[in-house]
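Asks:
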Amino acid sequence: MTATTTNVVEAARAIDLVKAYGAGQAQVHALAGVSVRFEASRFTAVMGPSGSGKSTLMHCMAGLDRPTSGQSLIEGTDLTSLGDGRLTELRRDRIGFVFQSFNLVPTLTAAENITLPVDLAGRKVDKSWFDHLVTQLGLANRLGHRPSEMSGGQQQRVACARALINRPALVFADEPTGNLDSNASAELLTFLQHSVAEMGQSIVMVTHDPHGASFADRVVFLSDGRVVDELEAPTADSVLERMRTLGS
Amino acid sequence: MGRVTLKGILAHKLRLALTAIAIILGVTFIAGTYVLTDTLHATFDALVGSIYQNIDFQVRGVAQFPTKDAATATRNPISESLLATVRKVPGVEVAEGTVSGSVQFVAPDGTLIANGGEPTLGVNFDPNPQVSDLRIVEGRAPSAPYDVVMDAATAQKYHFHVAQRVKILSALGTDTFTISGIAQYGSANTLAGVTLAGFTLPTAQRLMQEPRQLSNINIVTRPGTDQAAVGRAIARVLPKGVQVVTGKTVLAEQTSSIDQDLSFFSTALLIFALIALFVGAFTIFNTFSILVGQRTRELALLRAVGATRRQVFRSVLAEAAIVGLLASGIGLGLGVLTALGIEELLRGFGITLPAGALVFEARTVIVSLAVGVGVTVVSALGPARRAVRVPPVAALGDRELDAGFPARRRAVAGAVLFALGVVFLASGLAKPEVSLVGLGAAAIFLGVAILAPTFSRPLASVIGRPFVRVLGVGGRIGRENSIRNPRRTAQTAAALMVGMALVAVMAIYSASASRSTTGSFDSAVRADLIVSTTSSDEAGTVNPGLPHVLASLPGVTASTVVYGGQFEVGQTVEQLKAISSGGLADTIIVHMVSGSLGSLRHGSLLVDSTTARRNHLAVGDPVRVKFALSGPTTMRVGGIYQPNAVIGSYLIGDAFYRSHYADPTPGAVLLDTDGSSRVEMLVRHAVAPYRGLQVQTAAEFKKSETAQVNRVLGLVYALLALAVLIALISIVNTLMLSVLERTREIGLLRAVGMRRHQVRTMIRSEAVILAAFGAIIGLLLGAGLGVALVASLGSQGVTITTVPIAELVAFFVLACALGLGAATWPARRAARLDVLQAIATN
Ligand SMILES: Nc1ncnc2c1ncn2[C@@H]1O[C@H](COP(=O)(O)OP(=O)(O)OP(=O)(O)O)[C@@H](O)[C@H]1O
Ligand SMILES: [Mg+2]
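Taken in order, these protein sequences are the chains called A and B.
With the numbering used here applied, the first sequence corresponds to residues 1 to 248, in that order.
With the numbering used here applied, the second sequence corresponds to residues 1001 to 1842, in that order.
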């Protein structure tokens, strides 16, 4: 799978992914054969109606869940061929996550939550990287706080820092701004955009918000468990228009 | 990951503290037992050591019967003349004869002085400093026939002083002596509670009924002689039936005898400690299961960001280990304090232990910590395995996850364990083998605990029905809460189940044992009055002249003297009773199965039907027996009678008894009277001078026999109360965790209009349903186990099986009340939740 074009490297790739829930008549195909590539150092948004399989795709591609069939690759490694141990290590070292909510361990402080993947690996924290992330995200004076003592936006920023602390190959974010107001959303999205542009981070983000999608370099549209369309260099308007045509 | 573990512990301080209590109690018990028994060991060893350390050899009678415990073996006295013979043996420097037996001082208020079960020694006081550590600290040695030397502790405690008069009870009755001196061993004024009366040699011989005889001779050899050679030389001059042993042997015998007594005692206490920990293990298992359940999302999140299965597994176990270690440490500390407490507790039940400095051994620390941590970690293994099965995706949804065993596999595992337990228990009871019984019971409990979730929903729902009717909405939701998670309900109730089962076993055993005792006395005694000894001590044997006096009192229509002794049948030493046959028909009820009672007069042996069956004996069969005095002989079985509480398994006539035992000692006199109160008064009057004897009516006699059973039971119940207490902690813990877990839900209920008292009712209903569930299963299970236990004790005199329904119902009500009590704190906490805050929590 050496899929390289001139200067765009592949970070992750799904090949004919199928995820079925239930059996017989009641069977639901959350993913009905999805093939998609996410390039390195790019910010990709995934959009689609509710129930279209966006979260399921994230989970299967990030090694959180196993697909019914098909392959998902991270930096050329087929996740479906890995055992739980290797998969866990890969998640810890090469993948970062930001969920819509419940991102943080409630008993740990912000700082401890951020360094959790490093601590789990038993490695030393890269102090300058940690400081950089914390300053960028404006968390410097929140480090000793527990999740319950922070606002939703702050919690999401802590989750972002945690997702990036290991300099992963790819960050998956499933509606990271779903619970935030427009200001907090913009802050977070700007940060994500910057980390792609300045540090070459690869990010895949699920969102419902056309304005949010406009921060990305590319948008992939899902519907009924299939990729139905995509859009390069999106703006809020172009996304909205595309959604309208798809919905009709 | 270490940090996650630590923070987890700190975040759940309260819940874990509750868990820790279960461990603390168990470990406290273990440590306390060890400290106490080690202290007793040290005290007794010091005592024995101080008595025997200077002696090189001891000459004594050969044990009458081979026995494992040489120190307490019955030995014939040796002739006084041997003393001169032994002194002539070259190499012997000192040889002192001792006569020792049991006598008791009478306190100024007329009661007998005894420190619990400690010996009350009477000896000849002739302390040679080379042989003994005993010295006079005040006054002088006894010289006149009625002089006595008293030990310093007794003198101090009862304010006796030199030249004062004191009454002393011996086998001859009560006599008045003059205190010539006060003595003590080395620098200790007490010898572990032993009281000591020292007399001149002739007086001692008279009181112990061993005229011109000695109990033994203690020998010190001349320095520099060949010890072994001296020993051989002594052996050569001894007649048959007398032996010489080294001082070391005597010391070892005494020590091992003490060890045997103490190990029985410490085993009993350790069994209770294990029961407490076993019940505690359920509590721990339950707490960790709930904690893991509540933290599903947190654990899933850890897995999602890269924690390996092993890391999650280790973190749960580490949490358990830390809690176990802390709790064991606390338990260890409390154990030392409890050692003193247990001593008090035992004193409360009439068992006094000697005082001594507390002994704290490394073994105590190691075992306490190892068992405490071990039990905690093992109990957390299951929950830890469940934590590992939490899939990372669980972090993302609100979906309820059940990572437990599938119901079918669970039921099979439970049933197999239960069946195994029954097999172990049955073979353990049949053998009998205590550890097998324990293993079987443990397996049965575990099996039922595993099976319990399969029937907890219907059962709890039935138990909860009245709550719905009586308590309205609070009761209804309480009931629903108790059935919505069957596994948790079952786990929570499991600890109480074990506690209640043990209580039920004891209740059935005690009811059956006391009914059997009364029953067997009912069908054994016809006499109106019974004169017997107050203690099993030698000092209390009935004066041989007394039976005649009693028989000739006006109003006494018949009297029977019961003697007791040992003899050897086949390879074993057995207790035997002898009765005088005159007037037998009016005092003792003997139902003959075959043969005749009259054959007693012709020197036949009578056995009870149980023994006859066991040894395949029939009337007319010859039996090889051996008496200490006369050696081996063959007796004929003259008759077989139904088991009888008064006469035991083997019975002979009194004439035969007198000709085969050196000093016949009547154990009891049974009197049939005309029933008037005058005759009772006359009997009491005749017995009054003999301290240590008591006169009881038939009814009183029966009662005192059952009272003995009940006194031990009181202690057992007190110890089982501990297990029930730990079980209650399990309920408090679960409710507390449930309240925390349902904070949102309770907030919602409050928001839509549930009143505080309804919230309390809800929690309390749940608690009572849990308690009732545990109690019902426990009592049923206990009833089964109890009946099995009693059935296996048939040969030991527990012949009637009684299930005390009223008592069991009372225990059930008590358990429910305790459950209600356990709900107090969680209910208050739930009722006080701030509505807005509760809803905001996520
Ligand atoms: N555990 C499950 N069991 C059964 N069906 C499931 C499960 N998880 C998801 N589904 C189904 O799979 C489909 C896709 O779900 P998914 O969560 O991926 O949608 P989504 O695109 O993320 O939607 P949303 O925008 O609402 O988050 C849905 O129809 C959903 O009902
Ligand atoms: Mg989704």
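C-beta atoms are modelled at their ideal positions from N, C-alpha and C, and glycine is treated no differently.
None of these values were measured; they are calculated from a predicted model.
Between which two residues does the alpha helix (DSSP H) harbouring Y1509/B extend?
Replies: P1486 to D1522 is the span of the alpha helix (DSSP H), which, as asked, contains Y1509/B.
Asks: Do you know whose CA, among T235/A, P234/A and I74/A, lies nearest G96/A's CA?
Replies: Closest by alpha carbon: I74/A.
Asks: Quick one: any contact between the segment 1665-1682 of chain B and the segment 1605-1616 of chain B, if contact means 3 or more CB pairs under 8 Å?
Replies: Verdict: no, contact absent.
Asks: Using a Cβ-Cβ cut-off of 8 Å, state whether T5/A counts as contacting chain B.
Replies: Confidence is the limiting factor: at T5/A the pLDDT is only 43, short of 50, which leaves the residue's position unreliable, though a coordinate-based value still follows. No, T5/A lies away from the interface with chain B (no Cβ there is under 8 Å from its Cβ).
Asks: Less than 6 Å between C-beta atoms, sequence neighbours within five positions excluded: which residues of the same chain meet that for A62/A?
Replies: If we look at A62/A and ignore the five residues flanking it on each side, its Cβ neighbours are I95 and F172.
Asks: Using 8 Å as the cut-off, can you tell me whether the segment 1026-1046 of chain B makes contact with the segment 1198-1209 of chain B, which would need three or more C-beta pairs spanning the two stretches below that distance?
Replies: Cβ pair count under 8 Å is below three, so no.
Asks: Which bits of chain B does G85/A rub up against, with CB to CB less than 9 Å?
Replies: Result: T1308, R1309 and R1310.
Asks: In chain order, which continuous runs of the alpha helix (DSSP H) of length 4 or greater are located wholly inside the segment 1090-1164 of chain B?
Replies: The qualifying runs are 1152-1157.
Asks: For V1393/B, decide whether its Cβ has a neighbour in chain A, counting only Cβ atoms nearer than 8 Å.
Replies: So yes, V1393/B belongs to the interface.
Asks: Could you give the first and the last residue of the continuous alpha helix (DSSP H) run that contains Q1227/B?
Replies: Q1227/B -> alpha helix (DSSP H) spans Q1227 to V1237.
Asks: Return the CA-CA distance between A1655/B and G1565/B, expressed in angstroms with no decimal places.
Replies: Spanning the two alpha carbons is a distance of roughly 14 Å.
Asks: If you follow the alpha helix (DSSP H) that T1824/B is in, where does it begin and where does it stop?
Replies: Its alpha helix (DSSP H) spans residues T1824 to R1832.
Asks: Please report whether the beta-carbon of L189/A lies at a distance below 8 Å from any beta-carbon of chain B.
Replies: With 8 Å as the cut-off, L189/A does not count as an interface residue toward chain B.
Asks: Among P1129/B, N1124/B and F1057/B, which one has its Cα closest to the Cα of M1150/B?
Replies: Among P1129/B, N1124/B and F1057/B, the Cα nearest to that of M1150/B belongs to N1124/B.
Asks: Closer than 7 Å to a non-hydrogen atom of ligand 1 - does that hold for the CB of D50/A?
Replies: Note on residue identity: the sequence assigns Ser, not Asp, to residue 50/A. Within the cutoff, so yes.
Asks: Whose C-beta lies closer than 6 Å to the C-beta of V9/A among residues of the same chain, with five residues either side of it excluded?
Replies: So the list reads A40, once near-sequence residues are dropped.
Asks: Between E10/A and chain B, is the shortest Cβ-Cβ distance under 8 Å, so that the two count as touching?
Replies: Closer than 8 Å: no.
Asks: Counting only the same chain and skipping the five closest in sequence on each side, list residues whose C-beta sits under 6 Å from that of D1537/B.
Replies: Low confidence applies here, because D1537/B scores a pLDDT of 45, under 50, leaving its location unreliable; read the following figure in that light. If we look at D1537/B and ignore the five residues flanking it on each side, its Cβ neighbours are S1102.
Asks: Name the two residues that bound the continuous alpha helix (DSSP H) containing S1532/B.
Replies: First-last for S1532/B: L1529 to T1533, but that is the beta strand (DSSP E), not the alpha helix (DSSP H).
Asks: Mapping DSSP to helix, strand and coil, what is N1216/B?
Replies: Three-state DSSP puts N1216/B in a strand.
Asks: Could you work out which residue in L1277/B, M1736/B and A1495/B is closest to E1766/B when comparing CA atoms only?
Replies: Nearest C-alpha to E1766/B: M1736/B.
Asks: Looking at the C-beta of F38/A, does it have a partner C-beta in chain B at a distance below 8 Å?
Replies: Judged by the 8 Å Cβ criterion, F38/A is not in contact with chain B.
Asks: In the DSSP assignment, what residue or residues form a beta bridge with R86/A?
Replies: DSSP output for R86/A lists no bridge partner at all.
Asks: Would you say the beta carbon of Y21/A is closer than 7 Å to some non-hydrogen atom of ligand 1?
Replies: Yes; taking the cut-off as 7 Å, the Cβ of Y21/A has a heavy atom of ligand 1 nearer than that.
Asks: Under 8 Å, Cβ to Cβ, is there at least one residue of chain A near A1304/B?
Replies: Cβ-Cβ to chain A under 8 Å: yes for A1304/B.
Asks: In angstroms, rounded to a whole number, what distance separates the CA positions of F1285/B and G1382/B?
Replies: Straight-line Cα distance between these residues: approximately 7 Å.
Asks: What residues of chain A sit near S1007/B, judged by a beta carbon separation below 7 Å?
Replies: One detail in the question is off: residue 1007/B reads as Lys in this sequence, not Ser. Within 7 Å Cβ-Cβ: T107 and L108.
Asks: Please go through the same chain and pick out, in chain order, the residues whose beta-carbon is closer than 6 Å to the beta-carbon of P1643/B, but skip the five residues on each side of it.
Replies: D1608 and T1610.
Asks: Are the beta-carbon atoms belonging to S223/A and G70/A less than 8 Å from one another?
Replies: Cβ atoms of S223/A and G70/A: not closer than 8 Å.
Asks: Indicate whether at least one CB of chain A lies closer than 8 Å to the CB of R1385/B.
Replies: Not closer than 8 Å to any Cβ of chain A, the Cβ of R1385/B fails to qualify, so no.
Asks: Could you give the distance in angstroms between the alpha-carbon of A1501/B and the alpha-carbon of N1615/B?
Replies: Approximately 36 Å between the Cα atoms of the pair.
Asks: Out of R1015/B, D1586/B and V1437/B, which has the shortest C-alpha to C-alpha gap to G1675/B?
Replies: Ranking R1015/B, D1586/B and V1437/B by Cα distance to G1675/B puts D1586/B first.
Asks: When you compare the CB of L1301/B with every CB in chain A, is at least one pair closer than 8 Å?
Replies: Yes, because at least one Cβ of chain A sits closer than 8 Å to the Cβ of L1301/B.
Asks: Considering M58/A, what are the terminal residues of the beta strand (DSSP E) in which it resides?
Replies: No beta strand (DSSP E) holds M58/A; the alpha helix (DSSP H) holding it covers K54 to M61.
Asks: Only counting the same chain, and skipping five residues up and downstream in sequence, which positions put a Cβ closer than 8 Å to that of I1726/B?
Replies: Counting only Cβ-Cβ distances below 8 Å, and skipping sequence neighbours, we find I1021, A1022, L1025, G1026, A1276, V1279, G1280, T1283, A1495 and G1499.
Asks: With 7 Å as the limit, tell me which residues of the segment 1009-1033 of chain B have their beta carbon closer than that to any beta carbon of chain A; keep them in chain order.
Replies: Within the segment 1009-1033 of chain B, the residues whose Cβ lies closer than 7 Å to some Cβ of chain A are A1011, listed in chain order.
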